[in-house]
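This report refers to the structure that appears directly beneath it.
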Amino acid sequence: MSSENGVFFAASYPTSRQSSLFLSRRQNRNVNFPPRKRICVTTSSENFEQRNHPSIEILLDECLFKVFKHLPSGKERSVCACVSKRWLTLLSSIRKDKIPESNGIEGKGSLVRSLVGREATDVRLAAIAVGASNYKGLAKLSIGGDNPCHGVSDGGLKAIARCCPTLRDLSLSNMAFVGDEGLSEIADGCHLLEKLYLFQCPKITDNSLLDIAKNCTHMTSLTIDSCIKIGNEAPKAVGKYCPKLKVVILKNCPLIGDRGIEDLFMSAGNILTEVELQALHISDISIKIISQHGTALTSLDFGELRRVVVRDFWVMGIGQCLHKLKSLSISACSGVNDLGLHVICKACPNLKLFCVRKSFVLSDNGLVACVKALVSLQHLRLEECHLITQAGFFGILLNCGKKLKTFSLVKCFGVNDLTNAIPSKAPCCNSLVSLTIRNCPGVGNATIAIISRLCHRLTHIKLIGLLSITDEGLFPLVKNCAANLVAVNLSGCVNITDISVSYIVNKSGRSLKYLLVDGCKNVTDATLVEIWNSCWTLNVLDVSKCGITDSGITTLSSAIQLQLQILSLSGCPLVSDNSLPFLLDLAQNLQGLNIQHCPNISSKTVDALVEMNPRCDILS
């Protein structure tokens with residue numbers, strides 16, 4: 001009877017309310033109750049309630065983990081990851097080498113993934129980690145976080161570290177929640193890592209960088225920018241443990257000083273090829289070490305080194321170990337004067353690119369002396385060097401006529417139109433093919449006229465934000481170079497009209513690939529008519545904030561020989577929905593179309609353009 005009662009009690013009274021109908025032991029002593037029968041009823045009730053829960057919640061994490069480890073392929077793992085966030089998290093916690101069919105690393109990674117803003121979350125990283133198993137692995141990952149609530153944390157990096165051993169390039173920007181724990185996991189799981197970029201990661205310290213250096217010995221490039229807790233031990237470690245290190249960029253790290261730079265170059269000075277040091281707490285000690293041990297350097301960039309004085313740069317020039325240096329950039333270093341730069345330039349016979357930014361002491365004479373000393377110079381860039389005048393500008397052109405290929409002058413307010421005459425027999429600068437003058441308010445027609453006499457072989461002309469030049473000054477320059485022009489940028493030159501732009505198009509139509517006249521309000525449909533008539537190779541056209549109308553778009557669309565890839569009509573209020581049929585013709589082959597700030601173009605027109613060419617990047 002006891003066995004029958006057992007079945008009875010278990011099956012007939014499933015709920016606690018119904019179980020109250022049972023007689024108590026105290027009132028019915030002659031009734032044979034099965035042992036622990038009330039417990040049986042209670043358990044029955046609990047099982048009934050459990051059966052109402054989803055089945056995926058019953059299995060313990062340990063059980064699911066065992067099952068997931070034996071899934072036959074990455075496809076099955078990806079399907080399981082779609083079931084729930086819990087399953088995704090469990091799958092992303094399985095190390096790749098723990099999966100039987102994986103056998104470790106299957107080859108070079110092939111996937112490239114980028115997460116920015118609200119997309120940058122731990123869940124997205126877990127999904128990427130699991131999904132990478134369907135391919136050869138994850139090769140490059142870039143995360144730019146500005147999500148204040150659910151941004152990437154150490155947990156997200158752990159998922160990548162466990163599932164993506166093929167990772168070779170990692171970039172972390174604005175990572176407020178990522179610390180040493182996550183980066184150390186990367187060091188432990190991604191031994192093939194070659195490039196690491198850290199920008200504004202305030203919780204990362206030297207400890208995780210030490211782990212990276214010890215475990216990722218294939219490291220070739222390290223960039224640390226605005227990481228306030230990283231100090232001297234990080235550059236010391238990568239210099240000591242990474243024998244393939246080639247590139248080190250250190251910016252705005254107040255804890256990195258002379259000791260870190262000294263240890264780095266003492267260990268890796270003979271293999272480092274590119275070094276950039278910006279806003280660090282270093283002095284003449286670091287400059288001396290670099291000049292003595294940087295024997296393999298080909299590119300060197302100094303910026304905002306406020307503790308480095310004039311004498312320190314002399315030491316660098318005397319070192320005589322920079323004979324392989326091909327690129328030198330110096331920015332906002334108050335200790336650099338004419339003499340110091342001249343000494344450095346004499347010590348770099350193979351220097352091809354020389355860039356000086358934000359120098360308040362470099363003069364015309366000093367600049368010309370430096371350029372003469374650089375016998376291999378091909379590219380010169382000057383930015384915010386306000387002591388440079390028209391004399392220095394033309395002194396460079398007159399003394400570098402046989403070697404200089406590109407010359408860029410940006411925000412140099414000392415260069416003004418003067419009446420100084422250039423000798424009629426002055427040598428031409430026939431080697432110069434690219435000239436850039438940007439936001440130099442003193443440059444006008446007189447300066448451009450002299451340039452037109454000296455430079456006859458320009459292929460790239462960029463005259464940007466020059467409010468004083470007109471068609472009269474520009475015309476002689478483009479006339480002498482018209483046969484060779486490939487790229488012309490006249491953005492912000494508000495006094496330029498159709499006269500000179502149409503002439504450029506007419507004479508250079510067979511070679512011109514880039515034409516940018518953004519903000520030239522006097523450029524109208526007449527220029528588009530000339531493009532329709534003369535251009536065969538134009539790829540990029542920017543007529544933003546110009547006097548373009550629907551009629552011009554109609555004409556442009558009928559130029560069947562054109563193969564435009566990028567077209568910008570931003571800020572053209574006279575272009576309207578009436579241009580839709582012709583914009584559709586143009587959009588068929590476009591890769592990019594900018595129709596922002598066009599008030600007469602409606603959302604329906606934008607939708608039609610997107611439907612016509614989904615691959616075109618349309619800004620509206």
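Numbering (UniProt numbering), first residue to last: 1 to 620. From the three backbone atoms N, C-alpha and C, an ideal C-beta is built for every residue, glycine too. If you're wondering where the values come from, they're calculated on a predicted model, not measured in any experiment.
Within the same chain, and ignoring the five residues on either side of ASP258 in sequence, the residues whose Cβ sits closer than 7 angstroms to its Cβ are ILE282, SER283, ILE285 and SER286.
Rounded to the nearest whole angstrom, the CA to CA distance from GLY137 to ASP188 is 17 angstroms. Bounds of the alpha helix (DSSP H) holding ASN533 are 525-534.
Boundaries for HIS281: no alpha helix (DSSP H) harbours it, and the DSSP string shows neither H nor E there. Residue pairing by DSSP puts SER173 in a beta bridge opposite GLY144 and PHE199.
Contact check for ASN430 against HIS460 fails: the beta carbons are separated by 8 angstroms or more. Inclusion of ILE437 and LEU463 in the CB contact set at 8 angstroms is warranted, their separation being smaller than that value. Boundaries of the alpha helix (DSSP H) around THR554: 550-557.
ILE437 carries a strand assignment under DSSP once its states are collapsed to helix, strand and coil. Our two residues, MET175 and VAL275, have alpha carbons roughly 24 angstroms apart in a direct line. Looking at the DSSP output, GLU276 shares a beta bridge with ILE249 and ASP301. By alpha-carbon distance to THR298, the top candidate from SER452, ARG306, LEU272 and LYS521 is LEU272. In this structure HIS342 is in contact with CYS370, their Cβ atoms being roughly 6 angstroms apart against a cut-off of 8 angstroms. PRO581 and VAL410 have their alpha carbons spaced roughly 41 angstroms apart. The DSSP-derived three-state label of VAL130 is helix.
The criterion of a C-beta distance shorter than 8 angstroms is satisfied by PRO349 and HIS323. The region 525-539 makes no contact with the region 465-474, as fewer than three CB pairs between them are under 8 angstroms. The three-state secondary structure of LYS288, taken from DSSP, is helix. Listed in chain order, the alpha helix (DSSP H) runs fully inside the region 441-501 are 445-454 and 471-481, counting runs of at least 4 residues. Around the C-beta of PHE360, fewer than 16 other C-beta atoms lie within 10 Å, and the residue is accordingly described as exposed.
Scanning its chain for C-beta atoms nearer than 8 angstroms, with the 5 sequence neighbours on each side dropped, one finds around THR555 the residues ASP525, LEU528, VAL529 and TRP532, in chain order.
The three-state secondary structure of VAL309, taken from DSSP, is coil. DSSP places ARG124 within a helical segment (H, G or I) once states are collapsed to three. Taking one beta carbon from each stretch, the region 555-565 and the region 500-519 have fewer than 3 pairs nearer than 8 angstroms; the two do not touch.
According to the DSSP assignment, THR223 belongs to the beta strand (DSSP E) that extends over 221-225. Scanning the region 311-363 from its first residue to its last, the whole beta strand (DSSP E) runs of 3-plus residues come out as 327-331 and 353-357. In chain order, ASP550, ASN600 and ILE601 place their CB closer than 7 angstroms to the CB of SER576, counting only its own chain and leaving out the 5 sequence neighbours on each side. Per the coordinates, the alpha-carbon of LYS288 lies some 42 angstroms from the alpha-carbon of CYS164. A straight line joining the alpha-carbon of LEU264 with that of PHE302 spans about 16 angstroms. Under the three-state reduction of DSSP, ASN522 is assigned to strand.
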